[in-house]
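**Q** For the sequence shown, this note's numbering begins at 5 and goes up steadily by one. Just so it is clear, CB atoms sit at the ideal spot from N, CA and C, and this is done for glycine as well.
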Amino acid sequence: MNSEGETYLPKTFHLLSVVGPGPKHGENFTAIHLFYLIVFLLIIISSYGLYQPAVNATLAEKIFCSLNNSISATNCQTMLPYSLIYRIFFATSVFFLILCVIFYCCSKNHNISIRVHSGFWIPKFAFLTLLIFCALNIPRGGFGLAWMYFGMVGSFLYTLIQFVFVLDATKGWNEFLTKKMDDTTSAKFWNFLRLLSASAMYLSSSIVVILLFLLYTKHDSCRTNLFLLIGTVLLCGIAIVISVFLDSYPERLMQTSFVTMYTTYLIYASLRYGQSECDAERDYAIKTGNQPDLNLYSVADVLIIFCLVAFACLRAPQPYYRKFGRVIISRGRILTGKDKSCSSSFLHFVFSLFSVHLMMVITNWYNPRETHYGEEAVNWVALTLKTFSSLVSIFLYIWSLIAPSIFPDRDVHSIQGILTSLATFTCKALYVVFIKPCPWWNQSKSTRFAYTFLLLAGTVASCTMYLPAVRRALESNPYFCSRLTKMGNCLSMDPAYLAVYRICFSMAAFFLLFAMILYSVEFHSDPRALIHNALWLVKFGLFFGLVLCTFFIPMEFSKVWMYFGLIGTSMFIIIQLFLLVDFTRVWNKTWARKMEKTGKRCWFYLVFACTVIFYGISAAAIVCFYVFFGASYKCKTNKMFVSINLVLCAVAAIISIHPMVQDGGLLQSSVVTAYSVYLTWSALSYNPNERCNPVATYVSEADMRPNLNIQASLDLCLLVITIIYFSVRVSPITDTLRELIATTLRLIVGLRRRKVKDGEDQSPDKERGNEAALHENESSQQLFEFSDEKVPYSYSFFHFVYFVAAIHLTMVLTNWYSPKDGSNIKLSIAWAAMSIKMTSSSMCVLLYIWSLAVPILLYTKKPC
């Protein structure tokens, strides 16, 4: 009797669950999931049936369109399938969302949740039918458009969930093949089948990508499609390369092949919604006033997503499937401690997203305008979301391959673990890059590297303004060119010239601002030291914000900024001299040490050879100056400038070999002489008198614009090299200049130091400035913001040098020219540029002579 009761009661109980609660304990949900899948299948078939002309006409004539007087019957019939599909899936999505909330509220009492989940079939079906009936009676108007945008967001989320189903399906297929390969009799066949599966996916993806390149990038205006395809191919290639270097690479390579195919499928789905000239199918897809019909792509997409959700619902739970937090979707329920591998609430949430995704696929992601003429427009929001979902999917997969190596102690098998680890890594990376200096490099060097990168990035951006494509784009912009010919030629100031001025001005303003803010910062305990060494997110935003804002400055600004440039660039030329002197000093001492250590005189001969080469080049150049730039008796200005510099260079050479000069030498003097000769040649080439300047004839006759000619390229290379060298040697160079200024002031006011002993010199340029400065005090630079250590260099002076470097960059990239308005762009050269460059060349040699003479004049021997 009891045994019969035990056998009979469950059957009775299952029959009662049709209208009431289900059993208390459920281990297999196959029947429940099959029921929901059948419901979805019926809804899908019904939705596609609405596209049939006979069904559409019958519903429009007898039920829906006959009661609607706001729009014509023809337009109502045209949009009727969309309207009904939107309302049916709205009701379906709301139905599953309500069940999701109910099961979430009952999650504490697991038995009640199981009984509700496995029972009440007739009430559930009746409630769904009631919701659909109510949804069909929603008035026309803005509902369709509003629900469509909700559907896009839900579809985007479901695409990511569906991507997890693809990973699980691939993992399940690989596990099946692995078990079959354990059988030694047929291991080769199953291994070949796995290799064949991966190869087929890779080959199919390659063919599809090639076709997409051919069909969707055939016009010049399709650059967005081109960039999207290139980016996708690069991401897939990165995933393949990473998979090769993993331990279980055969399994990962097969998984990556399926992911690559899925990503290619998503990219194709997004490209279909592009512009008509970039889409091979848009001429057929975009129709105005035409009847909506069945779409082959839509049917294939529905079959794929339905098969994937059926796989997730009917699969047996396995530990290798990726979890959503602590749950997976499966037909069974396994308890692992307190974790439940199946959640009724999450299942119905996925079904709700699945409903809105089906809705968007069946309606082809079009934008129905119910109150207009039945127009099917390109939905740019859908295009953006589908593109974003494809890129996010492949990026998350790449991170799932990398994350175990970066976070070995964290469970990154679940989707929650992947997202949290990615968020943690992103926050730490942003904090390190934009807030803190790099931890693997000392604070001083990382900070200087960042500022140098900003200056070089602005330099590259300025150089790109002279590219033909960029220049044509600027000329077509009325903001940069006020007068255009019918052929599109600009008759006003060269727009590239104006753009370079604005970019360089923004960089100069950025560094000048920090030079003023950081004035007299001496210790790390000063809060302003944090501004220099951290807050990179704010500084990067300020830098690029200044670049953007300077383009709104009126055009007349360029003429004013040019005169500031003429003054500021002379300062950088002088600073450049000290950088070359410091480099030569380090160079000379390095080779001298090697000669002392090895005892070989080859290092002496190398120094001697370099000195002879520099002096030889300088002498040949001076002779050419007299021949080509002073041939006429009227070229007295050129001859005078060349003669003055020649005399100054000779005096510098004599003083540098004086016995009392400790840090001089002919190598250093030869470099200074070569630099002065180079500046002299640059100044002579700006003489507007064509008789005294062979280059002026070419400039005045050529219809040219500012560009990177030979001289500008040399100046630019020298600027980049010296600014990088300054960022490396800023501490000793700052000390040297500071000591030179201090000793000069002492000499002016009459203060003279005495030597303690004969032969023991307290030189202002001690070994600390050369030897110890070669290796900066790393310990102080490793310290962070608030310490009592002294800063290793002057922050204000560092930014001031970068400020004048940005000014000098302005003059270099514009060739010191001033373009004028007119029918032809003429480059005018004037006496101002020549005078400043020539004065700077002479001033450089004078300052070098003074730096050698100051120690001799300042120090005296102790009197007897």
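Reducing DSSP to helix, strand and coil, say where residue 443 ends up.
**A** For residue 443, the predicted model reports a pLDDT of 48, less than 50, meaning its position is unreliable; a value from the coordinates is still stated below. Reduced to three states, the DSSP call for residue 443 is coil.
**Q** Could you check the C-alpha separation between residue 508 and residue 698 for me, to the nearest Å?
**A** Distance between the alpha carbons of residue 508 and residue 698: 30 Å.
**Q** Alpha carbon to alpha carbon, how far is residue 204 from residue 244?
**A** If you take the alpha carbons of residue 204 and residue 244, they lie about 15 Å apart.
**Q** Taking its Cβ as the centre, do 16 or more other Cβ atoms sit within 10 Å of residue 526, making it buried, or is it exposed?
**A** Exposed.
**Q** Only counting runs of 4 or more residues, tell me where the alpha helix (DSSP H) segments fall wholly within the stretch 575-637, in order along the chain.
**A** If we require 4 residues or more, the alpha helix (DSSP H) runs fully inside the stretch 575-637 come out as 606-632.
**Q** Could you say if the stretch 174-190 and the stretch 227-244 meet the contact criterion of at least three C-beta pairs nearer than 8 Å?
**A** The stretch 174-190 vs the stretch 227-244: no contact.
**Q** Contact defined as beta carbons within less than 8 Å: I believe residue 135 pairs with residue 93. What is the distance between those atoms, to the nearest angstrom?
**A** Not quite, the Cβ-Cβ distance comes to about 11 Å (not below 8 Å), so this is no contact.
**Q** On a CA-only basis, which of 53, 475 and 614 is nearest residue 671? Give me that one, please.
**A** Of 53, 475 and 614, the residue nearest in Cα terms is 614.
**Q** Select from 620, 33, 685 and 655 the residue whose C-alpha is nearest the C-alpha of residue 629.
**A** That would be 685, whose Cα lies nearest to the Cα of residue 629.
**Q** Going by C-alpha distance, which of 126, 166 and 533 is nearest residue 308?
**A** Closest option to residue 308, Cα to Cα, is 166.
**Q** Is the stretch 328-337 touching the stretch 182-201 in the sense that three or more CB pairs, one from each, lie closer than 8 Å?
**A** No, they do not touch.
**Q** How about residue 2 and residue 599: are their beta carbons less than 8 Å apart?
**A** Residue 2 falls outside the range modelled here, since the chain spans only 5 to 868, and no answer is possible.
**Q** First and last residue of the alpha helix (DSSP H) that includes residue 306?
**A** Unbroken alpha helix (DSSP H) run through residue 306: 300-318.
**Q** Would you mind stating whether residue 679 and residue 431 have Cβ atoms separated by less than 8 Å?
**A** Not closer than 8 Å, so no.
**Q** Give the straight-line distance between the Cα atoms of residue 513 and residue 815, rounded to the nearest whole angstrom.
**A** About 16 Å.
**Q** Below 8 Å on the Cβ atoms is my contact criterion, and I expect residue 806 with residue 515 to pass it. Report the Cβ-Cβ distance as a whole number of Å.
**A** Going by Cβ atoms, the distance from residue 806 to residue 515 rounds to 4 Å, so yes, they are a contact pair.
**Q** Where does residue 336 fall in DSSP's three states?
**A** Three-state DSSP puts residue 336 in a strand.
**Q** From residue 303 to residue 88, what does the alpha carbon distance come to, in whole angstroms?
**A** If I take the Cα positions, the gap works out to 18 Å.
**Q** Give me whichever residues DSSP pairs with residue 175 in a beta bridge.
**A** DSSP lists no partner for residue 175.
**Q** Of the choices 596, 568, 500 and 461, whose alpha-carbon is the least far from that of residue 544?
**A** Selected option, being the one with the closest Cα: 461.
**Q** Count the other CB atoms, across all protein chains shown, that sit within 10 Å of the CB of residue 241; report buried if there are 16 or more and exposed otherwise.
**A** Classification of residue 241: exposed, given that the 10 Å Cβ count is below 16.
**Q** Can you tell me which of 237, 261 and 86 puts its alpha carbon nearest to the alpha carbon of residue 173?
**A** Among 237, 261 and 86, the Cα nearest to that of residue 173 is on 261.
**Q** Who does residue 331 pair with in a DSSP beta bridge?
**A** Paired residue(s): 328.
**Q** Give the DSSP-derived three-state secondary structure of residue 33 in the structure shown.
**A** Residue state, collapsed to three classes: coil.
**Q** Looking at the strands, I want to know which residues DSSP matches up with residue 794.
**A** For residue 794, which the question treats as bridged, DSSP gives the partners 527.
**Q** Taking the alpha-carbon positions, what's the residue 385 to residue 556 distance?
**A** Computed Cα separation, rounded: 31 Å.
**Q** Using the three-state DSSP reduction, which class does residue 689 fall into: helix, strand or coil?
**A** Residue state, collapsed to three classes: coil.
**Q** Distance check for residue 220 and residue 369, CA to CA, integer angstroms please.
**A** If you take the alpha carbons of residue 369 and residue 220, they lie about 19 Å apart.
**Q** Within 10 angstroms of the Cβ of residue 402, are there 16 or more other Cβ atoms? Answer buried if so, exposed if not.
**A** Per the 10 Å Cβ criterion, buried.
**Q** Return helix, strand or coil for residue 479, following the three-state DSSP convention.
**A** Helix at residue 479.
**Q** Could you name each continuous alpha helix (DSSP H) segment of 4 residues or more that falls completely within the stretch 115-172, going from the start of the chain to the end?
**A** Counting whole runs of 4 or more residues, the stretch 115-172 contains the alpha helix (DSSP H) stretches 125-140.
**Q** Give every residue of the same chain whose Cβ lies closer than 7 Å to the Cβ of residue 855, excluding the five residues on either side of it in the sequence, and list them in chain order.
**A** These residues qualify, in order along the chain: 744.
**Q** Measure the alpha-carbon distance for residue 471 versus residue 477 and round it to whole angstroms.
**A** Looking at the two C-alpha atoms, the distance is approximately 10 Å.
**Q** Would you call the stretch 794-813 in contact with the stretch 540-554, where contact means no fewer than 3 C-beta pairs closer than 8 Å?
**A** The stretch 794-813 vs the stretch 540-554: no contact.
**Q** Should the stretch 641-660 be called in touch with the stretch 577-589, which here means at least 3 C-beta pairs below 8 Å?
**A** Too few Cβ pairs lie closer than 8 Å, so no.
**Q** CB-CB under 6 Å to residue 158, same chain, minus the five flanking residues each way: which ones, in chain order?
**A** Taken in chain order, the residues that qualify are 357 and 360.
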